[in-house]
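S.K.: Got a structure for you, written out below as structure tokens; questions coming shortly.
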Amino acid sequence: MRTKRSLPGAIGTLALVLGSVCASGSAQAASSATSAVSPTISPAAASQLVPAGDHVDCDRGNFCAAVWDPTVSQWRVFFLYDCNRYYLSDWHGAGEVMNSQTDNAEATLYGQNGNVLQTFPVVTDDAPDVDWEPVWSIRNC
Numbered sequence: 020m021r022t023k024r025s026l027p028g029a030i031g032t033l034a035l036v037l038g039s040v041c042a043s044g045s046a047q048a049a050s051s052a053t054s055a056v057s058p059t060i061s062p063a064a065a066s067q068l069v070p071a072g073d074h075v076d077c078d079r080g081n082f083c084a085a086v087w088d089p090t091v092s093q094w095r096v097f098f099l100y101d102c103n104r105y106y107l108s109d110w111h112g113a114g115e116v117m118n119s120q121t122d123n124a125e126a127t128l129y130g131q132n133g134n135v136l137q138t139f140p141v142v143t144d145d146a147p148d149v150d151w152e153p154v155w156s157i158r159n160c
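Residue numbering for the sequence shown follows the numbering used here, starting at 20 and increasing by one per position.
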């Protein structure tokens with residue numbers, strides 16, 4: 020025997036199904052929007068992961084920049100050896116720098132409009148803290 024359904028009941032069922040599909044899609048969109056992304060640099064440079072609390076040696080000839088990598092919950096340290104302007108992507112929060120370059124090469128951090136934010140002379144015993152939020156690029160020489 021065929022079951023008789025009312026039009027308002029069918030519309031209500033359809034609304035519930037559509038509502039749950041839309042809610043599921045919104046949750047997935049929100050989840051992907053907050054997904055962690057690894058910090059990168061262009062042109063590419065050698066990097067090393069370092070657990071929180073460990074020390075990194077910045078080999079002679081390098082400008083080293085450390086940024087937190089939320090995808091692995093460790094510091095990612097980039098070793099900028101070749102003289103270049105390096106552009107940053109997904110660098111957030113605080114980090115450290117160490118200038119171990121030769122010939123007194125200063126490193127410079129630049130903002131979005133190319134404005135100089137900070138310069139770092141060659142130092143052998145200090146790793147100053149840096150706020151990466153306003154930094155868009157680094158010139159290591």
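Beta carbons are placed, not taken as given, at the ideal position from N, Cα and C, and that holds for glycine.
Closer than 7 Å by C-beta to Leu136: which residues in its own chain qualify, once you throw out the five before and the five after it? Chain order, please.
M.R.: Hits under 7 Å: Leu128, Tyr129, Gly130, Pro153 and Val154.
S.K.: Tell me the start and end of each unbroken beta strand (DSSP E) in the segment 70 to 136 that is at least 3 residues and wholly inside, in chain order.
M.R.: Listed in chain order, they are 82 to 88, 93 to 99, 104 to 108, 113 to 118 and 126 to 129.
S.K.: Given a threshold of 16 other Cβ atoms within 10 Å of its Cβ, counted over all protein chains shown, does Cys102 qualify as buried or as exposed?
M.R.: Exposed, since its Cβ has fewer than 16 Cβ neighbours within 10 Å.
S.K.: Spatial neighbours of Ala55 within its chain, please: CB distance less than 7 Å, with the 5 preceding and 5 following residues excluded, ordered by chain position.
M.R.: The answer, listed in chain order, is Pro89 and Thr90.
S.K.: Work out the CA separation of Pro70 and Ser92 for me, nearest whole Å.
M.R.: So the two alpha carbons sit approximately 8 Å from each other.
S.K.: In three-state terms, what does DSSP make of Asp148?
M.R.: Of the three classes helix, strand and coil, the one that applies to Asp148 here is strand, per DSSP.
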